[in-house]
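Below is one structure, written out as structure tokens; the observations come after it.
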Amino acid sequence: MSFVLIPTIFFFIAFLFSMLGMGGSQLYVPVLFWFGLDFKTAAIPLGMLLNVVNSGSAAVTYAREKMIDWRIGLLFGLTMMIAAPLGALINTIVPTKALIFVFALFTLISGILMWVGWQPENKLNRGGRTLLGLIGGGGVGFLAGLIGRGGGSFVVPLLYMAGISAKTAAATSALAISFGGIASFLSHLATAARPDWGLWTACVLAVFAGSQLGSRLMATRLKSTAVKRIFAVILLLIAVILIVKDIILA
Numbered sequence: 002m003s004f005v006l007i008p009t010i011f012f013f014i015a016f017l018f019s020m021l022g023m024g025g026s027q028l029y030v031p032v033l034f035w036f037g038l039d040f041k042t043a044a045i046p047l048g049m050l051l052n053v054v055n056s057g058s059a060a061v062t063y064a065r066e067k068m069i070d071w072r073i074g075l076l077f078g079l080t081m082m083i084a085a086p087l088g089a090l091i092n093t094i095v096p097t098k099a100l101i102f103v104f105a106l107f108t109l110i111s112g113i114l115m116w117v118g119w120q121p122e123n124k125l126n127r128g129g130r131t132l133l134g135l136i137g138g139g140g141v142g143f144l145a146g147l148i149g150r151g152g153g154s155f156v157v158p159l160l161y162m163a164g165i166s167a168k169t170a171a172a173t174s175a176l177a178i179s180f181g182g183i184a185s186f187l188s189h190l191a192t193a194a195r196p197d198w199g200l201w202t203a204c205v206l207a208v209f210a211g212s213q214l215g216s217r218l219m220a221t222r223l224k225s226t227a228v229k230r231i232f233a234v235i236l237l238l239i240a241v242i243l244i245v246k247d248i249i250l251a
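Position one of the sequence shown corresponds to residue 2 (the working numbering), numbered consecutively onward.
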């Protein structure tokens, strides 16, 4: 049953999150864990792999449609890869509830700003975008490593609030988070991962199909306003669930 049900669920997750420039690891990992897979040896490694498949597949579609800001996307991706290990190191000495609260607070604020549509009056010039890629990418990478997330829920709001359209921000985020996801997956594969190749293959195929469908829909049919609103709702729901489940009720 789970061999069919898990890939089916992941198809719809990939369909939605590929439109938002997010890999979906914040849902893949808990779903796998709830289905009984071991958290460290199965749920996290497979979740990271699916995160890469989703974001990488979507990034290819967006690249073909010329929707990606390559300069800032590559800067974000490379600095995220460099800074993430530092965040993971700090993770071992900071209380878990404090980390969850910081993540939930940032997610809540980002969701509100996305919903109301706030953007600066003046868009960033070439130098400003380069600086954002270096500093923002490093900060996002650090936070992603600190709280164990792919980083898409950080990258998209930052790019949008810097004056980049919602669709371009989502497309560029898909490129950026693919870098961090690859590094994270390989590190888990080399250490704790114990693959169930049958399940892994079924999930990869389902996520790839969902990602292709969702990214093509976003590229050709959805307007920036719709992408912005969908992303805002997802962020607000994630923030509320984290605060209630992992802080208030924990």
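Heads up, the beta-carbon is just placed ideally off N, CA and C, and yes, glycines get one too. Note that the structure is a prediction, hence the values are computed from the model and not measured.
Handout entry: Given residue 104 as reference, the closest of 52, 132, 239 once Cα atoms are compared
Key = Locating residue 104 in the sequence shown gives position 103, where the first residue counts as 1. Ranking the options by Cα distance to residue 104, first place goes to 239.
Handout entry: Whole runs of the alpha helix (DSSP H) within the region 20-83, excluding any shorter than 4 residues
Key = Positions of the alpha helix (DSSP H) runs, each at least 4 residues long and wholly inside the region 20-83, are given as 26-35, 45-65 in order along the chain.
Practice task
Take every Cβ of the region 9-20, pair it with every Cβ of the region 177-187, and state whether three or more of those distances are shorter than 8 angstroms.
Solution key: With the cut-off at 8 angstroms, the region 9-20 and the region 177-187 do not touch.
Exercise for the section: Return the Cβ separation of residue 68 and residue 169 in integer angstroms, given the expectation that the two are a contact with Cβ distance under 8 angstroms. Expected result: In the sequence shown, the residue the question calls residue 68 occupies position 67. In the sequence shown, the residue the question calls residue 169 occupies position 168. Between the beta-carbon of residue 68 and that of residue 169 there is about 6 angstroms, and that keeps the pair under the 8 angstroms contact cut.
Exercise for the section: Classify residue 95 as buried or exposed, calling it buried when 16 or more other Cβ atoms lie within 10 Å of its own Cβ. Expected result: Position 94 of the sequence shown holds residue 95. Residue 95 is exposed by the Cβ-count criterion.
Practice task
Whole angstroms is fine: what's the gap from residue 28's alpha carbon to residue 173's?
Solution key: Taking the first residue of the sequence shown as 1, we reach residue 28 at position 27. Taking the first residue of the sequence shown as 1, we reach residue 173 at position 172. Spanning the two alpha carbons is a distance of roughly 21 angstroms.
Problem - Proximal residues to residue 215 (C-beta, below 6 angstroms), its chain only, five neighbours per side dropped - result: By 1-based counting over the sequence shown, the position of residue 215 is 214. Around residue 215: 16, 19, 20.
Handout entry: CB of residue 60 within 8 angstroms of CB of residue 176, strictly
Key = If you number the sequence shown from 1, residue 60 lands on position 59. If you number the sequence shown from 1, residue 176 lands on position 175. Residue 176 sits close to residue 60, with the two beta carbons spaced by under 8 angstroms.
Practice task
Would you mind sorting residue 155 into buried or exposed? The rule is 16 or more other CB atoms within 10 Å of its CB.
Solution key: Here residue 155 refers to the residue found at position 154 when the sequence shown is read from its first residue. Buried, because 16 or more other Cβ atoms sit within 10 Å of the Cβ of residue 155.
Problem - Residues of its chain near residue 241, where Cβ-Cβ distance is below 7 angstroms and the 5 sequence neighbours each way are ignored - result: Taking the first residue of the sequence shown as 1, we reach residue 241 at position 240. Listed in chain order, the non-local C-beta contacts of residue 241 below 7 angstroms within the same chain number zero, local neighbours out to five positions each way being set aside.
Practice task
Within the same chain, show all residues whose beta-carbon is closer than 6 angstroms to that of residue 167, passing over the 5 residues directly before and after it, in chain order.
Solution key: For this step, residue 167 is matched to residue 166 along the sequence shown. The answer, listed in chain order, is 161, 225, 228, 229.
Handout entry: Euclidean distance between Cα positions of residue 98 and residue 88
Key = Here the question's residue 98 lines up with position 97 in the sequence shown. Here the question's residue 88 lines up with position 87 in the sequence shown. About 16 angstroms.
Problem - Nearest-angstrom beta carbon gap, residue 142 and residue 152 [assumed within contact, 8 angstroms] - result: What you label residue 152 is simply residue 151 of the sequence shown in a count that begins at 1. What you label residue 142 is simply residue 141 of the sequence shown in a count that begins at 1. Contact check for residue 152 and residue 142: beta-carbon distance about 7 angstroms, within the 8 angstroms limit, so the pair qualifies.
Exercise for the section: Compare the C-alpha of residue 192 against each of 38, 11, 45 and name the closest. Expected result: Start at 1 with the first residue of the sequence shown, and residue 192 comes out as number 191. The residue with the shortest Cα to Cα distance from residue 192 is 45.
Exercise for the section: Please check the pair residue 76 and residue 129, which I expect to be a contact at CB under 8 angstroms, by giving their CB distance rounded to whole angstroms. Expected result: Numbered from its first residue, the sequence shown carries residue 76 at position 75. Numbered from its first residue, the sequence shown carries residue 129 at position 128. In this structure, residue 76 and residue 129 do not form a Cβ contact; the two beta carbons are roughly 12 angstroms apart against a cut-off of 8 angstroms.
Problem - Span of the alpha helix (DSSP H) around residue 230 - result: Taking the sequence shown and counting its residues from 1, the one referred to as residue 230 is at position 229. Bounds of the alpha helix (DSSP H) holding residue 230 are 225-242.
Exercise for the section: Using beta-carbon positions only, say whether residue 78 and residue 56 come within less than 8 angstroms of one another. Expected result: As a working mapping, residue 78 is identified with position 77 in the sequence shown. As a working mapping, residue 56 is identified with position 55 in the sequence shown. No, these two residues do not count as a Cβ contact at 8 angstroms.
Exercise for the section: Taking all protein chains shown into account, decide if residue 39 is buried (16 or more other Cβ within 10 angstroms of its Cβ) or exposed. Expected result: As a working mapping, residue 39 is identified with position 38 in the sequence shown. By the 10 Å Cβ count, residue 39 comes out exposed.
Problem - Closest residue to residue 234 among 81, 116, 127 (Cα-Cα distance) - result: Here the question's residue 234 lines up with position 233 in the sequence shown. Minimum Cα distance to residue 234 is reached at 116.
Problem - Per-residue burial, residue 249 [other beta carbons within 10 Å of its own, 16 or more giving buried] - result: Along the sequence shown, read from residue 1 onward, the residue named residue 249 stands at position 248. Here residue 249 is exposed: its Cβ has fewer than 16 other Cβ atoms, across all protein chains shown, within 10 Å.
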